[in-house]
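Asker: Residue numbers (the working numbering): 611 to 803. Backbone N, C-alpha and C fix where the C-beta goes; we use that ideal spot for every residue, glycine too. For clarity, every value in this text was computed on a predicted model and none was experimentally measured. Below: one structure in structure tokens.
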């Protein structure tokens, strides 16, 4: 059974032709007695029908982060080890997430196919977390600055959160003055949660 991976008017990259196009029609191929189509082709106005394995969607997310000249993006790469029909339990059948940390759409993070297949929802969550790391870092830095400026008027719990955030940032930036007991305490808190 097949499920549509793309929808009408969606912009896709047509790999055999090497160009971008809009899907004009979604064309399911039905067989008598079945509730779902056996395959789905897409008309993109280029003279023939294309299968889902010949198309690639634009990056699913528009989350672009600029922090210190860095730009981390989540793009979807084509799943070469399984056909979309074999992995309908994946959140986006036929693709897997790749984090790009370079302006040239290479360099970054991805997982092996076997690991993705074990728990695709977990890997998708990890990908979204990585993409948003720079944004979260910026939020924590603003919280630290605010806590230092308004130290007398803030509750102790907020000051503790700011101190924990500052310790984590020092750890991320690999500054050697990090108090190792803070890190051990943070790891225990994470394990407990």
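Thinking C-beta only, is residue 772 closer than 8 Å to residue 753?
Answerer: As a first step, residue 753 must be located in the chain shown, where it is residue number 143. As a first step, residue 772 must be located in the chain shown, where it is residue number 162. Yes. Within cutoff.
Asker: Out of 653, 715, 741, point me to the one whose CA is closest to residue 617's CA.
Answerer: Against the chain shown, residue 617 aligns to sequence position 7. Selected option, being the one with the closest Cα: 653.
Asker: Take residue 659 and list the residues in its own chain whose beta-carbon comes closer than 7 Å to its own, dropping the five residues that flank it on each side.
Answerer: Within the chain shown, the letter at position 49 stands for residue 659. Excluding positions up to five away in sequence, the list reads 637, 651, 652, 653.
Asker: With a Cβ-Cβ cutoff of 8 Å, do residue 694 and residue 730 count as a contact?
Answerer: On the chain shown, position 84 is the one that residue 694 refers to. On the chain shown, position 120 is the one that residue 730 refers to. Contact: no.
Asker: In the structure shown, what three-state DSSP assignment does residue 764 receive?
Answerer: Taking the first residue of the chain shown as position 1, residue 764 is located at position 154. It is coil, neither helix nor strand.
Asker: Against chain E, with Cβ distances strictly below 8 Å, would residue 696 count as a contact?
Answerer: In the structure shown, chain E does not exist; there is a single protein chain.
Asker: Measuring CB atoms only, is the segment 770–784 touching the segment 717–727, in the sense that at least three cross pairs come out at less than 8 Å?
Answerer: Too few Cβ pairs lie closer than 8 Å, so no.
Asker: Name the DSSP bridge partner or partners of residue 728?
Answerer: If you number the chain shown from 1, residue 728 lands on position 118. Note: residue 728 sits in no beta bridge, so no partner.
Asker: The ligand GTP and residue 658: does the residue's C-beta get closer than 7 Å to at least one heavy atom of that ligand?
Answerer: Although the ligand GTP was asked about, the structure shown includes no ligands whatsoever.
Asker: Under three-state DSSP, which class holds residue 744?
Answerer: As a first step, residue 744 is located in the chain shown; it is residue number 134 there, counting from the start. Note: residue 744 maps to helix in three-state DSSP.
Asker: Does residue 683 pass the burial test, meaning 16 or more other C-beta atoms within 10 Å, or should it be called exposed?
Answerer: In the chain shown, the residue the question calls residue 683 occupies position 73. With 16 or more other Cβ atoms within 10 Å, it is buried.
Asker: Can you list, in chain order, the residues of its chain with a C-beta nearer than 7 Å to that of residue 734? Leave out the 5 residues immediately preceding and following it.
Answerer: Within the chain shown, residue 734 is the residue found at index 124, counting from 1. These residues qualify, in order along the chain: 701, 707.
Asker: Could you check if residue 626 is buried or exposed, using at least 16 other CB atoms within 10 Å of its CB as the buried criterion?
Answerer: Position 16 of the chain shown, counted from the first residue, corresponds to residue 626. Answer is exposed; the Cβ neighbour count stays below 16.
Asker: Roughly how many angstroms separate the alpha carbons of residue 757 and residue 748, rounded to a whole number?
Answerer: By 1-based counting over the chain shown, the position of residue 757 is 147. By 1-based counting over the chain shown, the position of residue 748 is 138. Roughly 14 Å between the two C-alpha positions.
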